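Everything on this sheet refers to the single structure shown next.
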Amino acid sequence: MSAGSRATYDVVRVRKDFPILSRRLAGGDQLVYLDSANTSQKPQSVIDAVSEHYQVHNANVARAMHQLGTESSQAFEEARDKVAAFIGAPSRDEVVFTRNATEALNLVANVLGLAQGDLGVRAGDQVVITAMEHHSNIVPWQLLCQRTGATLRWFDFDDDGRLDLSQLDELVTERTKVVSLTWISNMLGTVNPVSQIARRAHEVGALVVVDASQAVPQMPVDVATLGADFVAFTGHKMVGPTGIGVLWGRRELLAQLPPFLGGGEMIETVTLERSTYAPPPARFEAGTPPIAQAVGLGAAIDYLSELGMAAVAAHEREVTAYALARMREVSGLRVLGPTEAVDRGGAVSFELAGIHPHDVAQVLDSRGVAVRAGHHCAKPAHTRLGVQSSTRASFYLYTQPEEVDALIDGLDYTKRYFGGS
Amino acid sequence: MSAGSRATYDVVRVRKDFPILSRRLAGGDQLVYLDSANTSQKPQSVIDAVSEHYQVHNANVARAMHQLGTESSQAFEEARDKVAAFIGAPSRDEVVFTRNATEALNLVANVLGLAQGDLGVRAGDQVVITAMEHHSNIVPWQLLCQRTGATLRWFDFDDDGRLDLSQLDELVTERTKVVSLTWISNMLGTVNPVSQIARRAHEVGALVVVDASQAVPQMPVDVATLGADFVAFTGHKMVGPTGIGVLWGRRELLAQLPPFLGGGEMIETVTLERSTYAPPPARFEAGTPPIAQAVGLGAAIDYLSELGMAAVAAHEREVTAYALARMREVSGLRVLGPTEAVDRGGAVSFELAGIHPHDVAQVLDSRGVAVRAGHHCAKPAHTRLGVQSSTRASFYLYTQPEEVDALIDGLDYTKRYFGGS
Amino acid sequence: MSLDMLYQEIILDHYKNPHHRGLREPYDAQVHHVNPACGDEITLRVHLDRDTVADVSYDAIGCSISQASVSVLGDLVIGKDLDEAMALQEEFLTLMQGHGKVQPDEDRLEDAVAFAGVARFPGRIKCALLGWMAWKDATVQAVARRAATASAAMEEES
Amino acid sequence: MSLDMLYQEIILDHYKNPHHRGLREPYDAQVHHVNPACGDEITLRVHLDRDTVADVSYDAIGCSISQASVSVLGDLVIGKDLDEAMALQEEFLTLMQGHGKVQPDEDRLEDAVAFAGVARFPGRIKCALLGWMAWKDATVQAVARRAATASAAMEEES
Ligand SMILES: Cc1ncc(COP(=O)(O)O)c(C=O)c1O
Ligand SMILES: Cc1ncc(COP(=O)(O)O)c(C=O)c1O
Chain A
1 MSAGSRATYD VVRVRKDFPI LSRRLAGGDQ LVYLDSANTS QKPQSVIDAV
51 SEHYQVHNAN VARAMHQLGT ESSQAFEEAR DKVAAFIGAP SRDEVVFTRN
101 ATEALNLVAN VLGLAQGDLG VRAGDQVVIT AMEHHSNIVP WQLLCQRTGA
151 TLRWFDFDDD GRLDLSQLDE LVTERTKVVS LTWISNMLGT VNPVSQIARR
201 AHEVGALVVV DASQAVPQMP VDVATLGADF VAFTGHKMVG PTGIGVLWGR
251 RELLAQLPPF LGGGEMIETV TLERSTYAPP PARFEAGTPP IAQAVGLGAA
301 IDYLSELGMA AVAAHEREVT AYALARMREV SGLRVLGPTE AVDRGGAVSF
351 ELAGIHPHDV AQVLDSRGVA VRAGHHCAKP AHTRLGVQSS TRASFYLYTQ
401 PEEVDALIDG LDYTKRYFGG S
Chain B
1 MSAGSRATYD VVRVRKDFPI LSRRLAGGDQ LVYLDSANTS QKPQSVIDAV
51 SEHYQVHNAN VARAMHQLGT ESSQAFEEAR DKVAAFIGAP SRDEVVFTRN
101 ATEALNLVAN VLGLAQGDLG VRAGDQVVIT AMEHHSNIVP WQLLCQRTGA
151 TLRWFDFDDD GRLDLSQLDE LVTERTKVVS LTWISNMLGT VNPVSQIARR
201 AHEVGALVVV DASQAVPQMP VDVATLGADF VAFTGHKMVG PTGIGVLWGR
251 RELLAQLPPF LGGGEMIETV TLERSTYAPP PARFEAGTPP IAQAVGLGAA
301 IDYLSELGMA AVAAHEREVT AYALARMREV SGLRVLGPTE AVDRGGAVSF
351 ELAGIHPHDV AQVLDSRGVA VRAGHHCAKP AHTRLGVQSS TRASFYLYTQ
401 PEEVDALIDG LDYTKRYFGG S
Chain C
1 MSLDMLYQEI ILDHYKNPHH RGLREPYDAQ VHHVNPACGD EITLRVHLDR
51 DTVADVSYDA IGCSISQASV SVLGDLVIGK DLDEAMALQE EFLTLMQGHG
101 KVQPDEDRLE DAVAFAGVAR FPGRIKCALL GWMAWKDATV QAVARRAATA
151 SAAMEEES
Chain D
1 MSLDMLYQEI ILDHYKNPHH RGLREPYDAQ VHHVNPACGD EITLRVHLDR
51 DTVADVSYDA IGCSISQASV SVLGDLVIGK DLDEAMALQE EFLTLMQGHG
101 KVQPDEDRLE DAVAFAGVAR FPGRIKCALL GWMAWKDATV QAVARRAATA
151 SAAMEEES
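Heads up: the protein sequence lines correspond to chains A, B, C and D, in order. Start counting the first sequence at 1; every next residue gets the next number (our numbering). Start counting the second sequence at 1; every next residue gets the next number (our numbering). Start counting the third sequence at 1; every next residue gets the next number (our numbering). Start counting the fourth sequence at 1; every next residue gets the next number (our numbering).
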């Protein structure tokens, strides 16, 4: 982190924007929220944007022609502009609002299964994922394969949580129709070399889907140069509301794909015999969209943009490096994933010898330290590492080093609590 | 409306709960919001419930074991309890949260298309809808029929907007697999005899899906006695947030149906080779759900319950009767749908001779009166009546007779505006 | 915003007495466009004579704005050079998407300047553009078809 | 809420020295249950001898609460009459779902009363119930299987 950006990034000031961070828990403990990879906290500006929308502008979009309807539609479409600009989308029409990242990934898998012609996934085709995917980037492809007769294959990863790229040419072949992978693992923290994999995929004519659920919140993203054809992410992990996610897709691909869900907004004309469909993004947004949530996501993007994503990424790197260093001091602690803050996001999963993650999390919680215990929706990654579950601490733009200290103190206490009796 | 309930229903007091209703529009006009069938306004208590959730309790659900996670999960599941109680669901596990009614209807159509065995819709089967459906209850069934080779059929309706039940035995036959119909039409306002149609459907072994998007907001609902197998509705039309809808389904049916979307939360266990799925409702709720929106919907249900749905329905009937009476005074105005407030909801669509609905709505809007112009996502119903589009005024629990007067004055002005030059 | 800013006298005149209405022969391309928000529809034909827009004819259902707009379009482009007509379409599009901040050139757009106020009513911009987008679509198709016929003819000759 | 309310001494003892662990023969039914939230797993076998719970054996991975809970379960139901064991399962379920407001009967639930505090930690209730739900499932299957065998035998005789 350069001295320049350090000077401008003031985490103490940032924390004041998040009302929940000053909350006292049972017993008067100060909240130490280290579960941001699960969901992020929300700044007051996002909360206010949602409230204000309901209080002043609320109306349905697109179909309402009155003043409130116009205001609401503008606010909703402005949010689409903000998302497009934030991720460097060449066109606003490439931004589809969904419920969450999960729906975005299912949307792609479904329409590829339904597509006629070259884009369609069919029996004999192959879909390639990785062993470190979130369930939301595994199950949709399993369902697609079951429904079409395609075959699912996957990249393995090594003990440090790095993808085994020696398999690249052998896994991604002429038979590959889709390669779908996470940019940053929510369990291991690994940042994957998306562009390199995308290059190979495109060589063999496969489409590339990127699960950017952990990436878009943490670092500057430019979909135009990433090499992906589709990118999915979710509002609630990037200081935005729940109930909204995004699918970005290349315009010419979206234009060729059939609809996913049917209903209001996604049609051109409807008769009882047959319907025709609107162009993207409307084609993929059936029914009343998450309007107030889009407005909230727009406010979240404003917030992130004001901090600057480069500064957010630098802060994340710095906190993660500090946490990894301090974790090395804890005997019996084994980090699952890269142990250095290089090509690494701000989620650190670990084992504590002889103590089940539930019990670790419970003892930490009794001290106000909120972490996650379990498989973090990445059971295959745990299986690969031979562990049944783990504890995960994850950091974000409001995390301070003192909170990492509280975690380490809590881990020491946990060992005493279970070891001592 | 009985004198008793009139005494307890104080619309002036109710209006104070909705901040937007005191808003001034361009030119200083008072807002006259007659577009509630499109989306309803929100009381402060709902807006506050959402804000407070983000400010104090925000965390992901189910998978978080810390204090915030516990609070958030409890708030989310309490919302499910509230929905179940509000609609008389025999079990909370029958309540599935979706993005909106549209997704709920698509969910049913999709899983019936995917189901093995008796429940599955296959080539040669028939699906029956009505000619007055919202596009969201037409297109999902068209897509299902295209994908499976089943055939779509529909009930016609008469010039008064009443379903032609003489077709019942001929339309709903042994070949019928699903009957899906709206309870209250969002365009015509007709209340359909759901139980009678459901009885016939069940005689022939068909499933019954009810689109209750306009019904649940307007009247007491008891799914246990309705006769339906699935019921869909949407939060934003019942003073709740956008971004959330509900699918209710009979427990034994949901338990037999395959998943719709795949991902986090809906699984039991995942390996890269195969996954098994959680029981309902989780099986149908992939990914991070609309948490804050569920909390908001719970607050909306509290609000409606406090008013009492019988009182809400009585108020709706009274305002609609008054509006229909006053509309009869307007020469050149033709109501599309039942002209008496009998078996009728609070949406009144109409034509004004020689003036296009866009122009009617525009002139009304210039006076602060917000109505909808177009086909209201019910193009086939317009086609059936030989009109290309219409103007719709729709009322809700905060509508006062004075607002109907403002509408009528606005219509007179509209005629002068376009007729006078 | 006042209603009269939207419903200029010129617009109401065209609405009440639309020009060029009714589908006519001959034509090189016909399109059908719909405004999905409201269901307004137009069927529009374009006939080209070399590089000149020889005729535009249409059948449409819609509001005052969409009806008047296609009437004005006909007045403006019929008889014009193809490039010039396309340029006018561009100008009209820019005007509509200008949030009311674009100053229209009355010498070029003629009666179409009356639509300047529509740009301030976002709900109505699609109404004003319905006919113009249909015209552009039909014209592009007509030009493409002519090119295809020409190259087929050349191949036959060779 | 204090940690010690959750981690009662009895619970930690059972966790460190679990009873009845390891899968044993003979058995009438075996089930595999998973807590999807965390991935904790149990394989559990039930052996019935007429109307008595003759044995409960298991193999499980999980946290202190889930491990201790199945250990306590074994102590409580092995050797008991089937109906009585089922009633105890009901009582334990009621205790867990009682939001900490149910007063457990120590004479009946014995060591299982130590789990009363778990009911106040909603995130851990599923941990405490994992083994008990597996046991109920296995027992119901064992009874059903016995009934099926009996009726098959009767058919053969008749
Ligand atoms: C009768 C009816 N069905 C379905 C819908 C769809 O609701 P949503 O857009 O919230 O999915 C609506 C409202 O638009 C409706 O009025
Ligand atoms: C890498 C990754 N992919 C997908 C998801 C799914 O996001 P959501 O639950 O919002 O759909 C998550 C978060 O849970 C994630 O971390």
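Yeah, the Cβ is synthetic: ideal placement off N, Cα and C, and Gly gets one too. Computed from a predicted structure; not experimentally measured.
- The beta carbon of residue 218 (chain A) sits no closer than 8 Å to any heavy atom of ligand 2.
- The three-state secondary structure of residue 341 (chain A), taken from DSSP, is coil.
- Taking a 10 Å sphere around the C-beta of residue 106 (chain C), we find fewer than 16 other C-beta atoms and assign the residue as exposed.
- In this structure, residue 293 (chain A) places its C-beta atom within 9 Å of the C-beta atom of residue 243 (chain B).
- By the Cβ neighbour-count rule, residue 254 (chain B) is buried, with 16 or more other Cβ atoms within 10 Å of its own.
- In the DSSP assignment, residue 57 (chain C) falls within the unbroken beta strand (DSSP E) covering 52-61.
- Along the stretch 21-44 of chain A, the positions whose C-beta sits under 8 Å from a C-beta of chain D are 26 and 27, read in chain order.
- Residue burial annotation: residue 280 (chain A) is buried, with at least 16 other C-beta atoms found within 10 angstroms of its C-beta.
- Interface annotation, residue 177 (chain A): not in contact with chain B, CB-CB separation never under 9 Å.
- Excluding sequence positions up to five before and after residue 34 (chain D), its CB lies within less than 6 Å of the CB of 41, all in the same chain and listed in chain order.
- Assignment of residue 275 (chain B) by DSSP, reduced to helix, strand and coil, places it in the strand class.
- Selection B:316, B:88 and B:366 evaluated against residue 347 (chain B) yields B:316 as nearest (Cα-Cα).
- In this chain, the alpha helix (DSSP H) harbouring residue 325 (chain B) covers 309-328.
- Judged by DSSP in its simplified three-state form, residue 51 (chain B) adopts helix.
- With contacts defined as CB atoms closer than 9 Å, residue 344 (chain A) and residue 190 (chain A) qualify as a contacting pair.
- Taking a C-beta distance under 9 Å as the contact criterion, residue 384 (chain A) and residue 157 (chain A) qualify as a contact pair.
- Between the alpha carbons of residue 139 (chain D) and residue 55 (chain D) lies a distance of about 11 Å.
- Leaving aside the five residues that flank residue 360 (chain B) on each side, the residues in its chain whose CB is nearer than 8 Å to its CB run, in chain order, 352, 371, 373, 391, 411 and 414.
- Excluding sequence positions up to five before and after residue 47 (chain C), its CB lies within less than 7 Å of the CB of 26, 27, 28, 54 and 55, all in the same chain and listed in chain order.
- Per DSSP, the beta bridge partners of residue 335 (chain A) are A:350.
- Residue 101 (chain B) is positioned such that its CB atom lies no closer than 9 Å to that of residue 94 (chain B).
- Annotated three-state conformation of residue 419 (chain B) is helix, per DSSP.
- The continuous alpha helix (DSSP H) containing residue 141 (chain A) extends over residues 139-148.
- Identification of residues in the stretch 63-87 of chain D having a C-beta nearer than 9 Å to some C-beta of chain A yields 63, 64, 65, 66 and 67, given in sequence order.
- Within the stretch 92-121 of chain C, the complete alpha helix (DSSP H) runs of at least 4 residues fall at 106-109.
- Sixteen is the threshold: since fewer than 16 other Cβ atoms of the shown chains lie within 10 Å of the Cβ of residue 325 (chain B), the residue is exposed.
- Remark: the C-beta of residue 240 (chain A) is outside contact range of ligand 2, defined as less than 8 Å to any heavy atom.
- Not one heavy atom of ligand 1 lies closer than 8 Å to the C-beta of residue 375 (chain B).
- Residue 22 (chain C) is bridged by DSSP to C:58.
- With its beta carbon less than 9 Å from one in chain C, residue 359 (chain B) belongs to the interface.
- Within chain C, 34 and 36 have C-beta atoms less than 8 Å from the C-beta of residue 268 (chain A), given in sequence order.
- Residue burial annotation: residue 23 (chain D) is exposed, with fewer than 16 other C-beta atoms found within 10 angstroms of its C-beta.
- Judged by DSSP in its simplified three-state form, residue 106 (chain A) adopts helix.
- For the C-beta of residue 100 (chain D), not a single chain B residue is nearer than 9 Å; the gap to the nearest is close to 13 Å.
- CA-CA distance, residue 25 (chain B) to residue 313 (chain B), rounds to 29 Å.
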